[in-house]
Amino acid sequence: MTTTGIITPAELRAEVEQFYAAHFHLLDEGRAEEWALTFTDDGVFHPPGGREPVRGRAALAGGVGAGYRRLLEADEVHRHWHGMIEITPRAADGAVLVRCYALILATPSGGPTRTHLSCVCEDVLVRVEGRLLVRERRVHRDDQRGT
Amino acid sequence: MTTTGIITPAELRAEVEQFYAAHFHLLDEGRAEEWALTFTDDGVFHPPGGREPVRGRAALAGGVGAGYRRLLEADEVHRHWHGMIEITPRAADGAVLVRCYALILATPSGGPTRTHLSCVCEDVLVRVEGRLLVRERRVHRDDQRGT
Amino acid sequence: MTTTGIITPAELRAEVEQFYAAHFHLLDEGRAEEWALTFTDDGVFHPPGGREPVRGRAALAGGVGAGYRRLLEADEVHRHWHGMIEITPRAADGAVLVRCYALILATPSGGPTRTHLSCVCEDVLVRVEGRLLVRERRVHRDDQRGT
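Here is the structure:
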């Protein structure tokens, strides 16, 4: 941020990219509680396929923790990549809208790596005490269109 | 851009990345006319394999629109990812030269996602009324080398 | 860098991303000597699987050159993508610590493209005469965990 307090597009993009990197490193390492802290208190995840939204950090951490234990049992690593990140600051409330592609790579022990899922992710990021957090995430799977 | 009118490497990179994100979101959603407007009037696409160049927005939109209709018929989604983006401003005319990797992911309804094509993309971007546009694009497919 | 000599997170990220783009373009084109010059004189690569570290530019170039000749014989192209780049400047010595994901795409002549390897890469970048160079790289393959 400049001394005038106005954040430039380059500064915001750097911040969003650093945020996603840290956020998905936590997720993919199974650090579910720390990952949930990158959402707001009342953060909501709208999963693909019209499933019930997951609300709040405890529920978010619980879901991700259970998913990670299943990966451990399957002896598989997942890596979440965000790319083609389009960033739109919303003047009305200072939120940062993101539309991007998400690719999940899956690698079983012994390989090979496969492209597990291709998705579109829509995030509403908000700034809380200076840090970006996810207030709302909506994910659409490319293999389940119209859902 | 700073108040002095000099664009920094960080500002230019943020602009290029935002441009590509919006550009490929349009392409992958089949918004062919809007996508073609991200080229200059006389924009040229040199397809891989030595095929004839596609010149001008009408031809660009026509080709992409036809491609999108084939994907709809095949019930498949394509996602274009640009990555490893090397940016070289050209002092002589202010153009922005880009060399990057391009990955196309393809997902049929019901899955799974596959890595459809890996390419190298060379773009000449120019600024028209303050906005970046593609003046020239050259794509090389990794599965068709020497072409 | 600003006139005060303080590099901002946005400037550093742009520099790191440009560095990786150029670095992997050299690698994937088999320009082994030039690629080795993007390491420090005493640069070290710790390969996955607990294999012996590769030390110094001559050894780095030798290993990469041999690998590239094997790809030519196999008539295959590799593309290295870095993504989800988390950047941590280290105040003590000015080094730049990077943790990121690495994806290697492999495309034989005639296709199709496959996801050859998914890795985590940890780099220590240092600034030498104004330019970033790799002083140390540690790569972990997702298909070989615990190594």
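Chains A, B and C, in that order, give the protein sequences.
Take 1 as the starting number for the first sequence in full-length UniProt numbering and just add one per residue.
Take 1 as the starting number for the second sequence in full-length UniProt numbering and just add one per residue.
Take 1 as the starting number for the third sequence in full-length UniProt numbering and just add one per residue.
C-beta atoms are modelled at their ideal positions from N, C-alpha and C, and glycine is treated no differently.
Note that the coordinates shown come from a computational prediction; the quantities given were computed from them, not determined experimentally.
Checking 7 Å against the spacing of the C-beta atoms, do residue i and residue j come in under that value?
i      : j      : result
A:M84  : B:F19  : no
C:R135 : C:V124 : yes
C:D28  : C:R79  : yes
C:R55  : C:V64  : no
A:A74  : A:R57  : no
B:E76  : B:P112 : no
Chain A beta carbons: is any one of them nearer than 7 Å to that of residue i?
i      : result
C:S118 : yes
B:T88  : no
B:T107 : yes
C:T2   : Per-residue confidence for C:T2 stands at a pLDDT of 43, beneath the threshold of 50, marking its modelled position as unreliable; no derived number is given.
If I measure Cβ to Cβ from residue i and keep anything under 8 Å in the same chain, skipping five residues before and after, which residues do I get?
i      : result
C:V120 : R99, C100, Y101, A102, V139, H140, D142
C:I87  : P9, L12, R13, V16, V96, L97, V98
B:A22  : T38
B:A66  : none
C:Q144 : P48, G49
B:F41  : Contrary to the premise, residue 41 of chain B reads as Asp rather than Phe in this sequence. Only G56, R57 meet the Cβ criterion.
B:E52  : none
A:A61  : A32, E33, W35, A36
B:T3   : Caution is warranted here: a pLDDT of 48 is assigned to B:T3, below 50, making its placement in the model unreliable, and no coordinate value can be reported.
Can you name the residues of chain C whose CB is closer than 9 Å to the CB of residue i?
i     : result
A:E11 : T8, P9, A10
Report the neighbours of residue i on chain C: residues whose CB is nearer than 8 Å to its CB, in chain order.
i     : result
B:R99 : A21, H25
Is residue i close to chain C, meaning its C-beta is less than 7 Å from at least one C-beta of that chain?
i                      : result
B:D143                 : yes
residue 177 of chain A : The shown model of chain A, from 1 to 147, leaves out residue 177 of chain A, and the question about it has no answer.
B:G83                  : yes
A:G110                 : yes
Do we get a CB-CB distance below 7 Å when we pair residue i with the residues of chain B?
i      : result
C:T113 : yes
C:T79  : One detail in the question is off: residue 79 of chain C reads as Arg in this sequence, not Thr. Answer yes: the Cβ-Cβ gap between C:R79 and chain B drops below 7 Å somewhere.
A:V139 : no
C:E129 : no
Taking 6 Å as the limit between beta carbons, can you name the residues of its chain near residue i, skipping five residues before and five after?
i      : result
B:I104 : H78, H80, H116, L117
A:H82  : Y20, C100, A102
A:H46  : P53, R138
Keeping to the same chain, check which residues put their C-beta closer than 7 Å to that of residue i; ignore five residues upstream and five downstream.
i      : result
A:E34  : L26
C:Y68  : G30, A32
C:R127 : G94
Strictly below 7 Å CB to CB, what residues from chain B border residue i?
i     : result
A:L71 : Simply none; closest approach about 17 Å.
Can you pull the chain D residues whose beta carbon is under 7 Å from the beta carbon of residue i, in chain order?
i      : result
B:L103 : Looking at the structure shown, chain D is missing, and the protein chains on hand are A, B and C.
Note down, one range per segment and in chain order, each beta strand (DSSP E) of at least 3 residues found wholly within the UniProt domain "SnoaL-like" (10-138) of chain A.
39-46, 76-89, 96-108, 114-128
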